[in-house]
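With numbering that gives the first Met the number 0, letter number 89 in the sequence shown gets 88, and the count goes up by one each step, no holes.
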Amino acid sequence: MILPIPAIDIINGQCVRLEKGDYSRMHIYSDSPLEMALYWERKNAPMLHLIDLDGAKNGKPVNLSIILKIIQSIRIPVEVGGGIRNLSTFLSYLDAGAQRIIFGSVAIQNPQFIKDCIKRSQESVVVSIDSRDGLVALQGWTEKTTVSAVDLTNKLKNLGVMNFIFTDIERDGTLQGVNINHIQKYLQETKVPTFIAGGVTTLDDILQLKKLNAWIKGIILGKALYSGALQFEEVQKILQEEEKCSLKE
């Protein structure tokens, strides 16, 4: 089954959402990321996607204490990202109980570091491919590169990375719906287990993603949940119903 995964993005200790990764276009949804995490746990979320946006921008963890408190306070799995650039931070999150660690900019800047993390815990390593017009963006999406999202993914796959997140920055936080053609092209050219993020807004988006292929492992949900455009229970129901149908077939 495709996992529906609520996202909690943290800036200045608050739960926020950005539009297209623009730090100047920020909406605060809660002053307590911990309370938000407990809320999603009560909603039976299978996992939380927890990002230190200050850390992503600054290249080192900023909201570390808040994130560790969340990991220690809930029972559901957590994947954590944002400014994780050295082995000690990677191991500290794992030791605290994080199930998966998300890497972004460092995957381009220091692939040897990714290899070192894979040696420690291959299944825990997730690389976020943050794409703007097919090219990878770095430093919390503030810097665009000339590196193709597909090329980077295939290179990292050869290094041993098993799990990827594909984010369409141009749709992220816009409530404009997913760019199915963009996502489909990426999946066809990479063929890796992928979690999809960016622009998921309606139940039709969920259905379209479910129908693409078996490579989609999860859908990360942000602004659509916080704005009320999507109800988490409805997303869960559709994904479970689709799973039942495919099993019958």
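Here a beta-carbon is modelled for each residue, glycine too, at the ideal position from N, C-alpha and C.
Using a 10 angstroms sphere on the CB of isoleucine 113, the tally of other CB atoms reaches 16 or more, which defines it as buried. Note that the C-beta distance between proline 76 and leucine 224 is not below 8 angstroms. In the DSSP annotation of this structure, the continuous segment of the beta strand (DSSP E) that includes valine 126 starts and ends at 124-131. Taking a contact to require three or more Cβ pairs closer than 8 angstroms, the stretch 21-30 and the stretch 232-239 do not qualify as touching. Non-local beta-carbon contacts of glycine 12 in its own chain, meaning distances under 8 angstroms to residues more than five positions away in sequence, involve Asp30, Pro32, Asn62, Ile65 in chain order.
About 5 angstroms separates the beta carbon of isoleucine 195 from that of isoleucine 218, a gap short enough to meet the 8 angstroms contact definition. Each residue's CA atom was taken as its position, placing valine 191 and methionine 35 some 31 angstroms apart. In the displayed model, glycine 217 falls within a strand according to three-state DSSP. The stretch 75-94 makes contact with the stretch 40-52; the number of CB pairs closer than 8 angstroms reaches 3 or more.
For arginine 84, no beta strand (DSSP E) segment is defined, and its DSSP state is neither H nor E. Counting only unbroken stretches of 4 or more residues, the alpha helix (DSSP H) elements lying wholly within the stretch 37-99 are 52-57, 63-72, 86-95, in sequence order. Annotation for leucine 2: the continuous beta strand (DSSP E) segment containing it runs 2-10.
With a beta-carbon spacing of about 12 angstroms, alanine 148 and glycine 103 fall beyond the 8 angstroms limit used to define contacts. The alpha carbon of isoleucine 107 has as its nearest neighbour, out of Ser120, Leu151, Lys143, Leu67, the alpha carbon of Leu151. Shown here, isoleucine 168 sits in coil according to DSSP, grouped into three states, outside any helix or strand. Put simply, the backbone Cα of cysteine 14 is about 6 angstroms away from that of isoleucine 7.
In chain order, Glu78, Val79, Gly80, Val125, Ser127, Ile164 place their CB closer than 7 angstroms to the CB of isoleucine 101, counting only its own chain and leaving out the 5 sequence neighbours on each side.
Bounds of the alpha helix (DSSP H) holding leucine 211 are 202-211.
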